Amino acid sequence: MGSCMSGIPGRAKARKHDEKIFLAAYPKYRTTSHIDEVRRSEYPTLDLQGHIYLDYTGAGLYSNRQLRHHQNLLSTNVFGNPHSLNPTSSAMTELDEYARACVLQYFKASPDEYCVIFTGNASGGLKLLGEAFPFTPRSEYILLMDNHNSVQGIREFARSKGAGITYVPLTSDLRVSDEALKKALKPKFDGPSGPRLFAYPAQSNFSGVQHPLDWIATAQAQGCLVCLDAAAFVPTNRLDLSIWHPDFVPISFYKMFGYPTGVGCLIARKKSLRQLQRPAFAGGTVWGSSVLGDGHVLLDDHEGFEDGTINFLNLPAIHIGLRQLKDVGRDAVHLRVMCLTDWLIKEMLALRHQYGAPLIRFYGPTDTYMRGGTIAFNYIDTNGDVVDERIVEQRGNMINLSLRSGCFCNPGASEAAFSLEKETLLEAFESAGHHEMAHGKRKKWDDFLADIGVPTAGALRISVGLMSNFKDVHSFLQFSRTFLDTVPTGTNLAMRLHC
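Residue numbers for the sequence shown follow our numbering, beginning at -10 and rising by one.
Shown next, in the form of C-alpha cells:
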C-alpha cells in the first residue's frame, strides 16, 4: 500500500517549501546529500512502496547491495562446517575469521585487548555474561533503571548467587545525576568485596538519551567490570574502543545494517573474559573433554564461549554490512540524524491545540544534547487524555508509517516516564499472581494496566536512522497534525497482550 499523504500534490509542494526552510536552518545537512542517492539506488523499495520508516531503533534496513554481495558469495562457492580442515571448511573459517577481524577494526578494538564472541543476538551475549559472571554474596550488580530487559535479566543470575542488586534512579528527563551515579558505584562492603558488574546503555532504546561514556573509567576506578550496551548507540554513532575500554560490549548487527538477523556478538576484553566462569560446556568450546575422566578444559577467549556451530553462512554478511556503513559514512549518518531529530523535536513541540495545550507529551529531553535519534512520546487529546496507542498505530498503518508502541523492553525507563511508584507495582504484581492462582490463567494486560493506573500500554516511539530523509520526518509531522483539536476514536482495536 502506498502512502496517501506523500502522493497529494498540495502536500508535496508544502513539503518542498518547508524543506527549503529546513536547509537554511541546517546548512550542514547538504553535505549528506549522497545518502539520498544511496537511498534511491540501494533502498528503492522505501519510496516505491511509499514507506515512512521511523523504527530504526527496532531494526536497521538492508540494502540491495548487501543482498547481492552475500548471495553472490554463497552461490559461487561451496562452504562447509568450519570445525574442520577440509577445503570447504577452511574456506568458511577464513571468511568467518575475517568477519571477526572486521568487527574489531570497525570499533578500533585491538585484537591484543579484545575478542569477538559471535552469538545469536545481543541478548545472547548478555546471557553469556550473566550466567558466567562470578557473582558471590559479597558481589554487586549495578545498573540503571534505564536498561533493556536483556540487561535487566542478568539480575536473576546475580540474585541466585546472593549478590546485591543496585538500581541507579533517573531524573525527570530520564537522565542520571552525577550524585546518584557516584552513590551507586561506591562499594557497599567493608573489607574485600566480590566481583562487581556495572551495566548501562550508551544510548537508551526508550528515550534516546545518551549516557556518558566516561562512566566506563569512573566505574572501573571503583573496582567494577563494565558492560556497555551499545546496541542502540552504534547504528548512528562512533564507538572507539581505543579510547573507551568497557569490559563487555553487546552488539546487534541487524540494528546496525538490517541483515543478517540471527547474528550478534559480545566484544569482550580478554583479561575480563578470563574472570568469567562458564557453568557448562558445549561442542566447539573445549580443548578436550572426557566421559571416563569426568572432566573438560575450555578453549581460550572467544572459542570457549561460542557454543556449538556458529551461524557460519551468515557471518560473511557482517563484513559486507560494515562496508556498507563505512561507504555511506558514519559521520554523515550521524550529522543527518541529528539535524532531522533536532528539527522534528522543535516542530513537535510547536504543535498545540486551539486552546493552547500541547499535542505531544515527551518522555526524555526535548533538545539534542547527549541524545540520539529516538523520540518517546504520547499524543494528548483535547480532553487532556492520552490517545490510545492502538489508534495511532491503526492510523499509521494506513499510510505505511512504521513506528513502535509500548515500553520497548525497557520497563525501568517506562516506569520513570509514567511516574509509577514501587508500592503500586508490587500490589499489581501480587494481584496478578493471585488472579493466576485462582483462575488458572494470567490476568488480561489491560486489567493489569488499570491496576497500575496507566491509560495506555506505554509510549509511542519513532527513531531516525541510516536512510532517513526530510520527507520521512515531514510526513510524520503532517500525520501528527491529524490529532490536533480532536478526541480520536478507533474501532476493532486489538487486545493488548503484554508490554
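Virtual Cβ for every residue (Gly too), placed ideally from N, Cα, C. Model, not experiment: these values are computed from the prediction.
First and last residue of the uninterrupted beta strand (DSSP E) at residue i
| i | result |
| --- | --- |
| residue 218 | 213 to 218 |
| residue 367 | 363 to 368 |
| residue 452 | 448 to 452 |
| residue 100 | It is not in any beta strand (DSSP E) - residue 100 carries neither H nor E in the DSSP assignment. |
| residue 233 | Note, residue 233: premise wrong, no beta strand (DSSP E); not H, not E. |
| residue 299 | Counting along the chain, residue 299 falls outside any beta strand (DSSP E), and DSSP gives it neither H nor E. |
| residue 286 | 284 to 287 |
| residue 395 | 393 to 395 |
| residue 261 | Careful: residue 261 lies outside any beta strand (DSSP E), inside the alpha helix (DSSP H) at 259 to 262. |
| residue 242 | Residue 242 -> not in any beta strand (DSSP E); alpha helix (DSSP H) instead, spanning 242 to 246. |
Distance CB(residue i)-CB(residue j) smaller than 8 Å
| i | j | result |
| --- | --- | --- |
| residue 340 | residue 349 | yes |
| residue 248 | residue 51 | yes |
| residue 185 | residue 139 | no |
| residue 111 | residue 265 | no |
| residue 188 | residue 136 | yes |
| residue 104 | residue 262 | yes |
| residue 290 | residue 274 | no |
| residue 406 | residue 448 | yes |
| residue 374 | residue 444 | yes |
| residue 215 | residue 235 | yes |
| residue 437 | residue 417 | yes |
| residue 328 | residue 92 | no |
| residue 294 | residue 106 | yes |
Own chain residues within Cβ distance below 7 Å of residue i, not counting five before or after
| i | result |
| --- | --- |
| residue -10 | Because the pLDDT at residue -10 is just 42, under 50, the model does not fix this residue reliably, and the value given afterwards should be weighed accordingly. Excluding sequence neighbours, residue -10 sits near 389. |
| residue 35 | 28, 42, 456 |
| residue 355 | 334, 338 |
| residue 170 | 157, 204 |
| residue 97 | 229, 230, 231 |
Span of the alpha helix (DSSP H), counted from its first residue to its last, around residue i
| i | result |
| --- | --- |
| residue 309 | 305 to 317 |
| residue 418 | 411 to 428 |
| residue 118 | 111 to 121 |
| residue 501 | Since the first residue shown for the chain is -10 and the last is 488, residue 501 is missing from the structure and cannot be characterised. |
| residue 385 | 378 to 387 |
| residue 404 | 400 to 406 |
Anticipated Cβ contact below 8 Å, residue i with residue j, distance rounded
| i | j | result |
| --- | --- | --- |
| residue 142 | residue 119 | 7 Å |
| residue 463 | residue 19 | About 17 Å separates the two Cβ atoms, so there is no contact after all. |
| residue 80 | residue 308 | The pair is not a contact, with the Cβ atoms about 15 Å apart (cut-off 8 Å). |
| residue 441 | residue 413 | 5 Å |
| residue 196 | residue 353 | 3 Å |
| residue 330 | residue 298 | The Cβ separation is near 41 Å, so there is no contact. |
| residue 537 | residue 200 | Any property of residue 537 remains undetermined from this structure, which presents the chain solely from -10 to 488. |
| residue 102 | residue 258 | 6 Å |
| residue 246 | residue 49 | 5 Å |
| residue 434 | residue 482 | Not really, about 13 Å apart at Cβ, beyond 8 Å. |
Spatial neighbours of residue i in its chain, beta-carbon cut-off 6 Å, leaving aside the 5 residues before and after
| i | result |
| --- | --- |
| residue 8 | 459 |
| residue 67 | 77 |
| residue 84 | 305 |
| residue 322 | 225, 455 |
| residue 250 | 243 |
Nonlocal neighbours in the same chain, by C-beta distance under 8 Å from residue i, ignoring five residues either side
| i | result |
| --- | --- |
| residue 90 | 100 |
| residue 490 | The structure shown has nothing for residue 490, since the chain only spans -10 to 488. |
| residue 474 | 342, 343, 371 |
Continuous alpha helix (DSSP H) assignments of at least 4 residues falling wholly in the stretch 140 to 200
Listed in chain order, the complete alpha helix (DSSP H) runs (minimum 4 residues) inside the stretch 140 to 200 are 143 to 149, 167 to 174.
Identify every run of the alpha helix (DSSP H) within the stretch 433 to 485, keeping only runs that are complete inside it and at least 4 residues long; order them along the chain.
If we require 4 residues or more, the alpha helix (DSSP H) runs fully inside the stretch 433 to 485 come out as 434 to 441, 459 to 470.
Restricting to runs no shorter than 3 residues, where is the beta strand (DSSP E) found entirely within the stretch 18 to 62?
With a minimum length of 3 residues, no continuous beta strand (DSSP E) run stays inside the stretch 18 to 62.
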